[in-house]
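S.K.: Quick one: the structure is below, and I'll ask about it shortly.
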């Protein structure tokens with residue numbers, strides 16, 4: 042089940058990537074829900090995602 046939460050979190054982050062504040066809020070929610078190792082993996086994913094969406098720079 043935790044991988045489903047991880048996948049769902051990435052899906053939500055992609056959907057709200059148009060807004061810096063929504064993206065940041067969803068990332069904060071993910072920090073509460075995900076396991077520490079999953080959150081680290083999500084941070085790596087976000088860093089790669091930001092390279093394609095420069096308006097999100099500074100969200101981490």
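In this note's numbering, the protein residues as written are 42 to 101. Using N, Cα and C, we set each Cβ at its ideal position, and we do this for glycine too. Keep in mind it's a predicted model, so treat the numbers as computed, not measured.
1) Tell me the rounded alpha-carbon separation between residue 62 and residue 53.
2) Return the chain-ordered list of same chain residues with a C-beta closer than 7 Å to the C-beta of residue 71, the five sequence neighbours on each side being excluded.
3) By Cβ distance, which residues of its chain are closer than 8 Å to residue 47, with the 5 residues on each side in sequence left out?
4) In the DSSP assignment, the alpha helix (DSSP H) including residue 73 goes from what residue to what residue?
M.R.: The structure says:
1) Residue 62 and residue 53: Cα-Cα distance of roughly 13 Å.
2) These residues qualify, in order along the chain: 50, 80 and 83.
3) Shown here for residue 47: same chain residues with a beta carbon closer than 8 Å to its own, the five before and five after excluded, namely 75, 79, 82 and 83 in chain order.
4) For residue 73, the enclosing alpha helix (DSSP H) starts and ends at 61 to 74.
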